[in-house]
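First up is the structure itself, then whatever we jot down about it.
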Amino acid sequence: MAGDTVTTKIRKTADRYWVHITNESDATGESDVVKIDKSSFTDRNAEELPFLRIAAVAWSIQGFSKVRLETDHTTDDTMLVMGSGSGYRNYEHVGGLFDPNSTGGTGDLILTTTGAASGASYDIDIEVLL
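Going by the working numbering, the sequence shown opens with residue 3, and the numbers climb by one from there.
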């Protein structure tokens with residue numbers, strides 16, 4: 003099979019990155035696919051962020067039983083599990099959802115889908131604080 007069709011769009015403002023990711027599945031699904039390469043995200047001084055800090059996530063998921071956002075480490079750390087349907091989580095009031103910065107790995111934000119079916123899709127917006 004050809005595989006899922008995915009897109010990632012990134013926009014930077016003075017205090018955050020806005021990441022928009024989509025998927026239309028052919029039932030292949032995704033497993034540990036890098037959606038945010040931490041090494042390409044820099045702060046106001048053009049230095050790599052030491053870890054990712056998520057302000058908010060909004061999603062619309064159809065046809066997948068769940069979509070898992072994790073940070074890449076020797077043992078990946080789960081940041082958020084999203085079920086089918088629409089949702090929104092805001093973590094800004096607590097300073098953001100932090101990567102626990104476990105040992106090993108890159109700290110990149112990775113994504114895994116579960117229960118992929120032909121025509122399944124997701125549309126996810128992620129705000130990353132600088």
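Note that CB positions come from ideal geometry on N, CA and C, so glycine has one too. Keep in mind the model is a prediction, meaning the values are calculated, not measured.
For residue i, does the three-state DSSP call read helix, strand or coil?
| i | result |
| --- | --- |
| Pro102 | coil |
| Glu32 | coil |
| His95 | helix |
Whole angstroms are fine: how far does the CA of residue j sit from the CA of residue i?
| i | j | result |
| --- | --- | --- |
| Arg18 | Met81 | 18 Å |
| Gly106 | Lys14 | 27 Å |
| Glu129 | Lys68 | 20 Å |
| Gln64 | Tyr124 | 6 Å |
Let me confirm a value: residue i is counted as buried when at least 16 other C-beta atoms fall within 10 Å, else exposed. Which label applies?
| i | result |
| --- | --- |
| Val36 | exposed |
| Ser88 | exposed |
| Thr44 | exposed |
| Phe66 | buried |
| Gly97 | exposed |
| Asn25 | buried |
| Val59 | buried |
| Arg46 | exposed |
| Asp34 | exposed |
For residue i and residue j, which I take to be in contact (beta-carbon distance under 8 Å), what is that distance rounded to the nearest angstrom?
| i | j | result |
| --- | --- | --- |
| Ile112 | Asp78 | 7 Å |
| Ala119 | Tyr93 | In fact, because the Cβ distance is near 30 Å, the residues do not count as touching under 8 Å. |
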